[in-house]
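Participant: Quick one: structure below, then a few questions.
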Amino acid sequence: MDISKPDTTDACADKTSPFLEFNSSIPESGLVLAWLTRDNTKPLRPVQGSALHTRFGSFQHSSMISSKYGTQLASSSSTQAGFIYLLHPTPELWSLSLPHRTQIVYTPDASYIVQRLRIRPGSKVIEAGTGSASFTHALARTVAKNGRIWTFEFHEPRFEMAKKEIEDHGLDSVVKCSHGDVCVNGFIPACDEILDASAVFLDLPSPWLAIPHLKTVVSKEKIVRICCFSPCMEQVQRTIESLQKEGWLDIEMVEVSCKRWEARKEMIRKPQDAIERLRDIKRRRNEGLKKRNERKLAEEQNDEAVSEAQENSAATPAEKHVPDKPFLPSEYNPWGKGKRVHEGEDGYEWKEVSKVEAELKSHTSYLTFAYLPPPVQGKDGSIGSE
Ligand SMILES: C[S@@+](CC[C@H](N)C(=O)[O-])C[C@H]1O[C@@H](n2cnc3c(N)ncnc32)[C@H](O)[C@@H]1O
7 MDISKPDTTD ACADKTSPFL EFNSSIPESG LVLAWLTRDN TKPLRPVQGS
57 ALHTRFGSFQ HSSMISSKYG TQLASSSSTQ AGFIYLLHPT PELWSLSLPH
107 RTQIVYTPDA SYIVQRLRIR PGSKVIEAGT GSASFTHALA RTVAKNGRIW
157 TFEFHEPRFE MAKKEIEDHG LDSVVKCSHG DVCVNGFIPA CDEILDASAV
207 FLDLPSPWLA IPHLKTVVSK EKIVRICCFS PCMEQVQRTI ESLQKEGWLD
257 IEMVEVSCKR WEARKEMIRK PQDAIERLRD IKRRRNEGLK KRNERKLAEE
307 QNDEAVSEAQ ENSAATPAEK HVPDKPFLPS EYNPWGKGKR VHEGEDGYEW
357 KEVSKVEAEL KSHTSYLTFA YLPPPVQGKD GSIGSE
């Protein structure tokens, strides 16, 4: 396909979408997100006679059909007693399970961008590039059903995959996918529609090249808001220069940094525990020294002398190493080695604490926001800029 011209196929079908409507039970061939672990969610469409094979066991599609979304399904394998959850599609879960074609926008950034751009039901939004269409799903759910997303992608296989996925998910009445280079040709949609977007999201390597093309395709009546998503500061600088040149105002850069806080228990430790810990260290050090000296001695003496020394040591138990203080099982040393106490276990004192959980998925980029006021209308009706 020639990417200098946009593709002109426009698939507009008014069908239901699992991302826009909630079904309580799973229809045959309906989209299910099978949750295996926190980092592993698999999209599937259950059909009779098929199964999902995982390291937690096999799961028959027939057991999924007509089950309630949210069901915990046990493995049908006799040897693996694992289970999965059958979840209803949402843009948030989709971003964790979609087939990655590119880096994607994750929920923490997506939700912040949507509210900063004031995107709501009925909004009209321009997006480039489509990439893996992760953010496109979040946008579609927000603007549906009367809004519009015009999304642009210049990489043909990615464009084709996104378009098919959007159609498969029943979102093609809201999302219009176009194939083209927005930095070179601007925002020429595949569908026969006039773009009058009030929000723009650019996740491109060179947004500053696309920004000058926006003026002709954004709303002339409303304030237009933009967000450019860039991983490098140099990109941010060039984007800001371009936004300033094109008359965008209130330019601001934000980074979304996510931390999840967890309620946990922490063991209460007493001064006696610290003393026990020091004793434990001393005892282990003495044991180590003793063993090392014995090894050295054994190396220096001949076999006969070694066995003699061993006989002597067996004959004189007083010379044998005796730990400074034997460890009594009733005396718990919370810092001692080799002892595993489970959080909250009975028999110890605990206090409630909150801790940060480090790994919440979010690809952090710098978000550059700005807005463009509508052009000023002269008394004679002519349009100029402020
Ligand atoms: C990081 S990805 C976008 C990911 C997307 N926001 C998501 O959440 O899945 C950037 C995409 O922009 C596309 N792209 C880069 N330059 C472009 C251009 N000038 N015109 C259209 N698409 C472009 C790339 O092919 C790539 O797929």
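7 is the number of the first residue of the sequence shown in my numbering; add one for each residue after it.
Even glycine gets a Cβ: it sits at the ideal position worked out from N, Cα and C.
Source: prediction; values computed, not measured.
Taking three-plus beta-carbon pairs below 8 Å as touching, is the segment 115-127 in contact with the segment 67-77?
Facilitator: Touching, no, given that fewer than three Cβ pairs across the two stretches are closer than 8 Å.
Participant: Taking C-alpha atoms, which residue in 245, 190, 267 lies nearest to residue 257?
Facilitator: When each option's Cα is compared against that of residue 257, the closest is 245.
Participant: Taking the beta carbon of residue 373 as the centre, do at least 16 other beta carbons fall within 10 Å, making it buried, or is it exposed?
Facilitator: With 16 or more Cβ atoms within 10 Å of its Cβ, residue 373 is classed as buried.
Participant: Do residue 206 and residue 2 have their beta-carbon atoms positioned less than 9 Å apart in this structure?
Facilitator: The question about residue 2 has no answer here: the residues shown for the chain are numbered 7 through 392.
Participant: Could you tell me if residue 171 is buried or exposed, where buried requires 16 or more neighbouring beta carbons within 10 angstroms of its beta carbon?
Facilitator: The residue is buried, with at least 16 neighbouring Cβ atoms inside 10 Å.
Participant: With a threshold of 8 Å, establish whether the CB of residue 107 neighbours any heavy atom of ligand 1.
Facilitator: Yes, since a heavy atom of ligand 1 falls inside the 8 Å radius drawn around the Cβ of residue 107.
Participant: Spell out the partners DSSP gives residue 63 in its beta bridges.
Facilitator: 60, per the DSSP bridge assignment.
Participant: Say yes only if the C-beta of residue 215 is nearer than 8 Å to one or more non-hydrogen atoms of ligand 1, and no if none qualify.
Facilitator: Yes, since a heavy atom of ligand 1 falls inside the 8 Å radius drawn around the Cβ of residue 215.
Participant: Near ligand 1, which residues have their beta-carbon closer than 6 Å to a heavy atom?
Facilitator: With the cut-off at 6 Å, the residues found are 108, 109, 110, 111, 134, 135, 137, 138, 139, 140, 141, 158, 159, 160, 161, 164, 187, 188, 189, 209, 210, 211.
Participant: Short of 6 Å in beta carbon distance, which residues of its chain neighbour residue 26, apart from the five on each side in sequence? Order them along the chain.
Facilitator: 150.
Participant: Just the Cα atoms here: how many angstroms apart are residue 146 and residue 180?
Facilitator: For residue 146 and residue 180, the distance between alpha carbons rounds to 6 Å.
Participant: Does the Cβ-Cβ distance between residue 160 and residue 135 come in under 9 Å?
Facilitator: Yes, these two residues count as a Cβ contact at 9 Å.
Participant: Just checking, does the segment 33-43 make contact with the segment 84-99 on the three C-beta pairs under 8 Å criterion?
Facilitator: Enough Cβ pairs lie closer than 8 Å, so yes.
Participant: Cα separation between residue 280 and residue 237?
Facilitator: Between residue 280 and residue 237, the C-alpha separation is close to 47 Å.
Participant: Can residue 204 and residue 225 be called in contact, C-beta distance under 9 Å?
Facilitator: Yes, the Cβ-Cβ distance between residue 204 and residue 225 is below 9 Å.
Participant: What residue from 376, 290, 274, 286 has the CA that sits closest to residue 350's CA?
Facilitator: Per the Cα distances, 274.
Participant: Once the 5 residues before and after residue 77 are set aside, which same chain residues still bring their CB inside 6 Å of it?
Facilitator: Around residue 77: 92.
Participant: Taking 9 Å as the threshold (C-beta atoms), are residue 75 and residue 35 in contact?
Facilitator: No, the Cβ-Cβ distance between residue 35 and residue 75 is not below 9 Å.
Participant: Does DSSP classify residue 299 as helix, strand or coil?
Facilitator: Three-state DSSP puts residue 299 in a helix.
Participant: What number of angstroms, rounded off, separates the C-alpha of residue 45 from the C-alpha of residue 126?
Facilitator: Spanning the two alpha carbons is a distance of roughly 30 Å.
Participant: Taking DSSP as the reference, what is the three-state secondary structure of residue 292?
Facilitator: The answer is helix: DSSP assigns residue 292 an H, G or I state.
Participant: Below 8 Å on the Cβ atoms is my contact criterion, and I expect residue 260 with residue 370 to pass it. Report the Cβ-Cβ distance as a whole number of Å.
Facilitator: Between residue 370 and residue 260 the Cβ distance is about 11 Å, and since that is not below 8 Å, they are no contact.
Participant: Taking only the alpha-carbon atoms, compute the straight-line gap between residue 325 and residue 265 and give it to the nearest angstrom.
Facilitator: Only weak support is given to the placement of residue 325: the predicted model assigns it a pLDDT of 44, under 50, and the question is left unresolved by the model.
Participant: How about residue 139 and residue 99: do their beta carbons lie closer than 9 Å?
Facilitator: Cβ atoms of residue 139 and residue 99: not closer than 9 Å.
Participant: Within a Cβ cutoff of 7 Å, which residues of the same chain sit near residue 169, ignoring the five residues on either side of it in sequence?
Facilitator: These residues qualify, in order along the chain: 183.
Participant: Measuring alpha carbon to alpha carbon, tell me which residue in 23, 175, 375 is nearest residue 242.
Facilitator: If we check each option's Cα against that of residue 242, 375 comes out closest.
Participant: Going by beta carbon distance, what residues of the same chain come within less than 6 Å of residue 141, once the five residues before and after it are set aside?
Facilitator: Cβ neighbours of residue 141 beyond the five flanking positions: 111, 116.
Participant: Label residue 232 either buried or exposed according to how many other C-beta atoms from any shown protein chain fall within 10 Å of its C-beta, with 16 as the threshold for buried.
Facilitator: Burial call: buried.
Participant: Only counting the same chain, and skipping five residues up and downstream in sequence, which positions put a Cβ closer than 6 Å to that of residue 213?
Facilitator: For residue 213, where only same-chain residues beyond five positions count, the Cβ hits under 6 Å are 234, 245.
Participant: Given this structure, state the Cα-to-Cα distance separating residue 299 from residue 239, to the nearest angstrom.
Facilitator: Their Cα atoms are separated by approximately 59 Å.
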